[in-house]
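K.L.:
As they're listed, the protein sequences go chains S and Z. Going by my numbering, the letters in the first sequence line up with residues 1 to 254, in that order. Going by my numbering, the letters in the second sequence line up with residues 255 to 521, in that order.
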Amino acid sequence: MKVTLRVWRQKDGNSEGNFEEYQTEGLNPNMSFLEMLDVVNEDLTLKGEDPIAFAHDCREGICGTCSCMIDGKPHGPENGITTCQTYMRSFKDGDLITVEPFRASGFPVQKDLITDRSAFDTIMQSGGFITARAGSCEDANALPIGKEVADLAMDAAACIGCGACVAACKNSSAMLFVSAKAGQLNLLPQGQPEKDKRVLNMVATMDEAGFGNCTNQYECSAACPKLISEEFISKLNRDYVSASVKKLFKAKSL
Amino acid sequence: MNIIHVLFRSSIGKKVTMAVSGFILFGFVVGHLSGNLQIFAHPDKINAYAHFLESLGPALWVIRLFLLVTLVVHVWLAAQLTIENKRARQKNYEKQVTLRATMASRYMRVSGVIVFVFIIYHLLHFTVRVTHGAEAYPTTILADGTPVRDVHSMMVLGFQNPVIAIFYLLSVGLLSWHLAHGLVSMFQSLGLRTRTWSRFLERVTIVVCVLYFLGNALIVVAAMSGKVRIQNPSVLGFACRTDCEVCGARTADATAETLDGSKESQS
């Protein structure tokens with residue numbers, strides 16, 4: 001099959017970018033989107049041109065490195081998968097495919113399709129640690145956790161931090177990411193001692209990083225390759241309100 | 255960290271403030287509609303109700319001020335959030351599809367701004383009473399002899415102008431649409447929307463919004479189509495008689511005594 005690519009090319013963070021068109025031929029429909037880009041880059045390299053820069057790592061949908069806004073949707077047309085797990089069979093022969101980097105003030109473009117998503121790391125760092133006993137494993141069943149709670153925490157923990165939620169949100173809000181990362185710990189007994197501090201710090205860091213505000217449209221959840229529910233945002237809001245109230249009224253040390 | 259910082263500076267706090275102020279304003283518009291629906295009863299009913307509200311004096315001003323502050327906070331934060339959200343994406347996508355955001359949620363700013371303009375006009379029209387001449391704001395006398403503003407005739411006269419009536423219909427329609435997203439959204443912002451009842455909440459919201467629109471539209475349409483008619487003799491330009499068939503709701507005896515010189519015309 002063959003497709004026409006309309007790719008965003010930008011030399012570096014300070015340069016103005018523009019769209020370039022590339023014709024590709026002889027593609028295998030079972031190639032992943034990234035493998036298709038590899039083929040295009042191979043051609044570009046042979047022609048002595050600068051290959052398209054794109055972020056990728058595991059190529060099995062679990063690392064969250066690959067990004068790309070493909071035809072107006074993060075990670076391409078399919079639901080619940082990342083760019084690396086998107087296959088060319090999802091497109092029609094002769095399609096024009098627009099490929100852009102994730103756009104958000106919190107994710108500045110570094111080159112072509114690569115964005116700097118280290119704001120997510122800063123948010124994670126501000127969340128801090130949990131007070132867990134170091135050393136040997138805890139005895140089995142010493143800390144009972146209900147199956148439903150464990151499942152819900154696992155749903156939140158499925159977040160790979162790819163940033164598709166920010167990319168899809170009309171306001172570039174990072175609420176789904178923050179709610180998943182805070183929620184996976186806030187749901188479990190191990191996360192309780194630092195719960196309030198974690199919520200307040202992560203939200204404050206998120207606000208400072210220049211992400212927008214949530215308008216409850218749930219584009220994030222629809223674009224999430226791990227299909228994380230917007231219910232976690234509701235939980236983060238609830239936890240934030242409770243943590244703020246507690247902080248406002250708690251006794252201060254002398 | 256203080257309460258002002260939480261409610262007006264943090265992203266989630268601002269959303270909580272939007273939700274709470276929105277809920278207060280929603281409570282007001284529902285109360286306002288139920289008050290207005292009294293137009294379908296005898297004119298004395300709504301006129302006495304309006305007179306009661308006006309006679310609250312200082313309490314009325316406390317309520318008005320509270321609602322005004324709530325509205326200003328809601329609009330001010332909406333503007334601030336919009337500016338921040340625009341700033342969060344300096345360069346837009348060449349192509350971006352909408353995955354599941356509802357139309358109502360995407361046009362909250364448009365519906366909000368038009369409703370805000372409507373509120374200003376509505377206040378000038380019926381509260382400050384300056385958009386029309388003095389003849390649009392008649393007075394009447396209740397059965398117990400209290401002279402009051404004839405809100406009943408004022409509303410009917412107001413909606414007899416098709417342009418104004420259509421503007422009212424459009425505005426309450428947009429407000430209902432605004433609420434279609436707002437009502438669900440406020441539960442999410444406060445962290446009360448969960449998968450257990452989110453579907454139920456969405457359905458109830460649609461029912462509430464449709465009923466709210468129909469309630470308002472009913473008043474406008476009833477006044478426009480002549481289903482609800484002016485029953486104030488001084489507005490109609492003639493006194494009531496027992497054999498009169500214009501309205502039939504008001505008995506000639508009750509009015510005749512309260513109107514100057516109407517006793518002669520009865521004979």
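Just so you know, even glycine gets a beta-carbon here, dropped at the ideal spot from N, CA and C.
Within 8 Å (strictly less), CB to CB, does Ile233 (chain S) reach chain Z?
P.N.:
In the first sequence, counting from the first residue as 1, residue 233 (chain S) sits at position 233. Ile233 (chain S) counts as touching chain Z.
K.L.:
In chain S, what lies closer than 7 Å to Gln414 (chain Z) by C-beta?
P.N.:
Within the second sequence, the letter at position 160 stands for residue 414 (chain Z). In chain order: nothing, as chain S lies at least about 40 Å away.
K.L.:
For the region 2-71 of chain S, list the alpha helix (DSSP H) runs that are entirely contained and at least 4 residues long, ordered along the chain.
P.N.:
Within the region 2-71 of chain S, the complete alpha helix (DSSP H) runs of at least 4 residues are 33-46.
K.L.:
CA-CA distance, Met409 (chain Z) and Ala477 (chain Z)?
P.N.:
The sequence position of residue 409 (chain Z) within the second sequence is 155, counting from 1. The sequence position of residue 477 (chain Z) within the second sequence is 223, counting from 1. Between Met409 (chain Z) and Ala477 (chain Z), the C-alpha separation is close to 8 Å.
K.L.:
Report yes if the CB atom of Asp298 (chain Z) is closer than 8 Å to the CB atom of Leu437 (chain Z), and no otherwise.
P.N.:
Locating residue 298 (chain Z) in the second sequence gives position 44, counting from the first residue. Locating residue 437 (chain Z) in the second sequence gives position 183, counting from the first residue. Their beta carbons are not under 8 Å apart, which means Asp298 (chain Z) does not touch Leu437 (chain Z) by this criterion.
K.L.:
For Ala180 (chain S) versus Ala156 (chain S), is the C-beta distance shorter than 8 Å?
P.N.:
In the first sequence, residue 180 (chain S) corresponds to position 180, counting from 1. In the first sequence, residue 156 (chain S) corresponds to position 156, counting from 1. Their beta carbons are under 8 Å apart, which means Ala180 (chain S) touches Ala156 (chain S) by this criterion.
K.L.:
Can you give me the start and stop residues for the alpha helix (DSSP H) that Leu411 (chain Z) sits inside?
P.N.:
Along the second sequence, one-based indexing puts residue 411 (chain Z) at 157. Start and end: Val405 to Phe413.
K.L.:
Identify the contact partners of Leu444 (chain Z) in chain S, using a Cβ-Cβ distance below 8 Å as the criterion.
P.N.:
Numbered from 1 along the second sequence, position 190 holds the residue referred to as residue 444 (chain Z). What Leu444 (chain Z) touches in chain S: Asn237, Arg238 and Val241.
K.L.:
Mapping DSSP to helix, strand and coil, what is Tyr218 (chain S)?
P.N.:
Here residue 218 (chain S) refers to the residue found at position 218 of the first sequence. Tyr218 (chain S) falls in the coil class under three-state DSSP.
K.L.:
Identify which residue in S:Ala142, S:Ile233, S:Lys226 and S:Glu219 has its Cα closest to the Cα of Gly183 (chain S).
P.N.:
Position 183 of the first sequence, counting from 1, holds the residue named residue 183 (chain S). Closest by alpha carbon: S:Ile233.
K.L.:
According to DSSP, is Arg310 (chain Z) helix, strand or coil?
P.N.:
For this step, residue 310 (chain Z) is matched to residue 56 along the second sequence. A small correction: the amino acid at residue 310 (chain Z) is Leu; Arg does not occupy that position in the sequence shown. Coil at Leu310 (chain Z), not helix or strand.
K.L.:
Can you pull the chain S neighbours of Ile266 (chain Z), defined as C-beta to C-beta under 7 Å?
P.N.:
The residue labelled residue 266 (chain Z) in the question sits at position 12 within the second sequence. What Ile266 (chain Z) touches in chain S: Val203, Asn237 and Tyr240.
K.L.:
With three or more C-beta pairs closer than 8 Å as the rule, is the region 221-239 of chain S touching the region 67-80 of chain S?
P.N.:
Counting Cβ pairs under 8 Å, three or more are found: they touch.
K.L.:
Which bits of chain S does Lys338 (chain Z) rub up against, with CB to CB less than 7 Å?
P.N.:
Indexing the second sequence from 1 puts residue 338 (chain Z) at position 84. The amino acid at residue 338 (chain Z) is misidentified as Lys; the sequence shows Glu. The answer, in chain order, is Gly212 and Asn213.
K.L.:
Using 10 angstroms around the beta-carbon of Arg453 (chain Z), count the other beta-carbons present and answer buried if the total reaches 16, otherwise exposed.
P.N.:
By one-based count along the second sequence, residue 453 (chain Z) stands at place 199. Result: exposed.
K.L.:
Taking Cβ positions, are Leu200 (chain S) and Leu152 (chain S) nearer each other than 8 Å?
P.N.:
Sequence index remark: in the first sequence, residue 200 (chain S) carries index 200 (1-based). Sequence index remark: in the first sequence, residue 152 (chain S) carries index 152 (1-based). Not in contact: Leu200 (chain S) and Leu152 (chain S) (Cβ atoms no closer than 8 Å).
K.L.:
Taking C-beta to C-beta, are Val245 (chain S) and Ser265 (chain Z) nearer than 8 Å?
P.N.:
Stepping through the first sequence from its first residue, residue 245 (chain S) is reached at position 245. Stepping through the second sequence from its first residue, residue 265 (chain Z) is reached at position 11. In this structure, Ser265 (chain Z) does not lie closer than 8 Å to Val245 (chain S) by Cβ.
K.L.:
Please work out which residues of its chain come closer than 7 Å, Cβ to Cβ, to Glu20 (chain S), disregarding the five sequence neighbours upstream and downstream, and give them in chain order.
P.N.:
The sequence position of residue 20 (chain S) within the first sequence is 20, counting from 1. Within the same chain, Glu20 (chain S) has close Cβ partners Val7 and Arg9.
K.L.:
Between Gly13 (chain S) and Ala342 (chain Z), is the Cβ-Cβ spacing less than 8 Å?
P.N.:
Within the first sequence, numbered from 1, the residue matching residue 13 (chain S) stands at position 13. Within the second sequence, numbered from 1, the residue matching residue 342 (chain Z) stands at position 88. Not in contact: Gly13 (chain S) and Ala342 (chain Z) (Cβ atoms no closer than 8 Å).
K.L.:
Using a Cβ cut-off of 8 Å (strictly closer), state whether Met69 (chain S) contacts chain Z.
P.N.:
Numbered from 1 along the first sequence, position 69 holds the residue referred to as residue 69 (chain S). By this cut-off, Met69 (chain S) is an interface position.
K.L.:
Taking 8 Å as the CB-CB cut-off, is Arg453 (chain Z) touching chain S?
P.N.:
The residue you call residue 453 (chain Z) lines up with position 199 of the second sequence. Chain S contact via Cβ: absent.
K.L.:
Just checking, does the region 384-395 of chain Z make contact with the region 456-467 of chain Z on the three C-beta pairs under 8 Å criterion?
P.N.:
Contact fails: fewer than three Cβ-Cβ distances are below 8 Å.
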